[in-house]
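Colleague: Start counting the sequence shown at 83; every next residue gets the next number (this note's numbering).
We put the beta carbon where it would ideally sit given N, CA and C, even for glycine.
Keep in mind it's a predicted model, so treat the numbers as computed, not measured.
Could you have a look at this structure, given as structure tokens, before my questions?
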Amino acid sequence: MIEFRYLRPEDAPLAADIHIAGQQGTTLTLLGRSFLEEFYRAVCCSVWAEGVGAYDDGKLAGFVAVAVSSDKFFSEFKRKHLWRVSIPAAWAVIKHPKIIKYVVQGWNYSDQTLSPERECDGLFIGVKREYLRLGLAPTMVKTMFAWANSIGIETVTFMIEKRNRPMRWMVSYMNDLYVDHEFEVYGRPMLFYKAPIAANLDEAEMPKGKPCTPAHAYKGKKES
Ligand SMILES: CC(C)(COP(=O)(O)OP(=O)(O)OC[C@H]1O[C@@H](n2cnc3c(N)ncnc32)[C@H](O)[C@@H]1OP(=O)(O)O)[C@@H](O)C(=O)NCCC(=O)NCCS
């Protein structure tokens, strides 16, 4: 039975595998497995990010990771986590010197997404090969929308590589989705999509379980 629950730090190794399988040859994948494991551990442990996984009899089959503020999440990741994987990441750069340019460019990723408060930013979504085309990703996204709505987020953004057709087809079903801007990151042309949460909450259910570290919740009056 498939269950949709908060991603746990102990799932970071499987999350890294799913990322590597789904994003062959991209900069984050080339930075290596230990880098990605630390990245997804950070997603679970940070107040600035959250993950929702699809679990088949307790085993991770796919997940979506989002940042409540990519600016704050990436600053924290560089400050608190990157040093742990600096040696394997530096080794990966030596093995694939072409990525140096993209690592430098990706360092200021949040400057390119320009996400204000009350917007959360999709960091990754992926499903294990044997679970593709079963509707898992759309349900994970809906579950993530329910959670985002519960903490006061109003808009979700997704940076999607222009040539990633399955992902673009998948998001094309969202209500009121639009391309906000285009830019290049990691040497690849990207489309930056935005979708309002309220228009996409049909039958959305909250993730089961408890988040490892509850993400920052926006409270109080909306700023003008
Ligand atoms: C994109 C991805 C998450 C979609 O996951 P999924 O659970 O297989 O999604 P679904 O097929 O259930 O998606 C719903 C719709 O998207 C469209 N779609 C998704 N993959 C498709 C494909 N390969 N070919 C054609 N249509 C596709 C279909 O319209 C599908 O609806 P249908 O099955 O009712 O026709 C998955 O392909 C994946 O893990 N890709 C690799 C990782 C990746 O590129 N992630 C994005 C980077 S952030």
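1) Return the residue from the list Leu118, Val134, Leu110 that minimises the CA-CA distance to Lys293.
2) Taking only the alpha-carbon atoms, compute the straight-line gap between Arg90 and Arg245 and give it to the nearest angstrom.
3) Going straight from the alpha carbon of Glu120 to that of Tyr260, what length do you get?
4) Measuring from the CB of Ala219, is there a heavy atom of ligand 1 at a distance below 6 Å?
5) Can you determine whether any heavy atom of ligand 1 sits closer than 6 Å to the C-beta of Phe206, and answer yes or no?
6) I want to know whether the stretch 273-284 touches the stretch 223-242 - three or more CB-CB distances under 8 Å.
7) Confirm the yes/no value for this check: CB of Gly107, any heavy atom of ligand 1, distance under 6 Å.
8) Between Val167 and Phe117, is the Cβ-Cβ spacing less than 7 Å?
9) Compute every distance between the C-beta of Gly234 and the non-hydrogen atoms of ligand 1, then say whether any falls below 6 Å.
10) Does the distance between the C-beta of Pro289 and the nearest non-hydrogen atom of ligand 1 fall short of 6 Å?
11) Just the Cα atoms here: how many angstroms apart are Ala281 and Lys224?
12) Grouping DSSP H, G and I as helix and E and B as strand, with all else coil, what is Cys127?
13) Kindly indicate which residue of Leu218, Ser151, Ile233, Val209 has the alpha-carbon position closest to the one of Pro198.
14) Near Glu266, which residues of its chain fall below 7 Å by C-beta distance, leaving aside the five closest residues on each side in sequence?
15) Which residues share a DSSP beta bridge with Ala277?
16) Counting only the same chain and skipping the five closest in sequence on each side, list residues whose C-beta sits under 6 Å from that of Asp138.
17) Residues in its own chain within less than 7 Å of Gly188 by CB, not counting five upstream and five downstream?
18) Would a C-beta distance cut-off of 7 Å place Phe156 and Ala131 closer than the cut-off?
19) Which partner residues does Val261 have in the DSSP bridge list?
20) Can the beta-carbon of Ile233 be found closer than 7 Å to that of Val146?
21) My output table needs one value for Arg115: the three-state DSSP class, helix, strand or coil.
22) Kindly indicate which three-state DSSP category Lys141 falls into: helix, strand or coil?
Modeller: Checking against the coordinates, here is how it stands:
1) Position 211 of the sequence shown, counted from the start, is the residue given in the question as residue 293. Note that residue 293 corresponds to Pro in the displayed sequence, not to Lys. Out of Leu118, Val134, Leu110, Val134 has the C-alpha closest to the C-alpha of Pro293.
2) As a first step, residue 90 is located in the sequence shown; it is residue number 8 there, counting from the start. As a first step, residue 245 is located in the sequence shown; it is residue number 163 there, counting from the start. So the alpha carbons of these two residues sit roughly 31 Å apart.
3) Indexing the sequence shown from 1 puts residue 120 at position 38. Indexing the sequence shown from 1 puts residue 260 at position 178. Computed Cα separation, rounded: 32 Å.
4) Position 137 of the sequence shown, counted from the start, is the residue given in the question as residue 219. Yes, since a heavy atom of ligand 1 falls inside the 6 Å radius drawn around the Cβ of Ala219.
5) Along the sequence shown, read from residue 1 onward, the residue named residue 206 stands at position 124. Phe206 Cβ: within cutoff of ligand 1.
6) yes
7) As a first step, residue 107 is located in the sequence shown; it is residue number 25 there, counting from the start. Outside the cutoff, so no.
8) As a first step, residue 167 is located in the sequence shown; it is residue number 85 there, counting from the start. As a first step, residue 117 is located in the sequence shown; it is residue number 35 there, counting from the start. Going by C-beta atoms, Val167 is nearer than 7 Å to Phe117.
9) Numbered from its first residue, the sequence shown carries residue 234 at position 152. For ligand 1, not one heavy atom lies less than 6 Å from the Cβ of Gly234.
10) In the sequence shown, residue 289 corresponds to position 207, counting from 1. Pro289: no, Cβ never under 6 Å from ligand 1.
11) Taking the sequence shown and counting its residues from 1, the one referred to as residue 281 is at position 199. Taking the sequence shown and counting its residues from 1, the one referred to as residue 224 is at position 142. Rounded to whole angstroms, Ala281 to Lys224 spans 11 Å at the Cα level.
12) Here the question's residue 127 lines up with position 45 in the sequence shown. In this structure, Cys127 counts as helix in the three-state DSSP scheme.
13) As a first step, residue 198 is located in the sequence shown; it is residue number 116 there, counting from the start. Selected option, being the one with the closest Cα: Ser151.
14) Here residue 266 refers to the residue found at position 184 when the sequence shown is read from its first residue. Same-chain partners within the cutoff: Met272.
15) Here residue 277 refers to the residue found at position 195 when the sequence shown is read from its first residue. In the DSSP output, where bridge partners are listed per residue, Ala277 has Val238.
16) Reading the sequence shown from its first residue, position 56 is the one you call residue 138. Closer than 6 Å at the Cβ level, and outside the excluded window around Asp138, lie Ile84.
17) Working through the sequence shown from its first residue, we reach residue 188 at position 106. The residues are Thr109, Val267, Tyr268.
18) On the sequence shown, residue 156 is found 74 positions in, with the first residue counted as 1. On the sequence shown, residue 131 is found 49 positions in, with the first residue counted as 1. Not a contact, by the Cβ cut-off of 7 Å.
19) Taking the sequence shown and counting its residues from 1, one reaches residue 261 at position 179. DSSP output for Val261 lists Tyr275 as bridge partner(s).
20) Numbered from 1 along the sequence shown, position 151 holds the residue referred to as residue 233. Numbered from 1 along the sequence shown, position 64 holds the residue referred to as residue 146. No, the pair does not count as a contact, with Cβ atoms beyond the cut-off.
21) Residue numbering aside, residue 115 sits at position 33 when the sequence shown is read from its first letter. Looking at Arg115 - three-state DSSP - the assignment turns out to be helix.
22) As a working mapping, residue 141 is identified with position 59 in the sequence shown. Lys141: strand per DSSP, three-state reduction.
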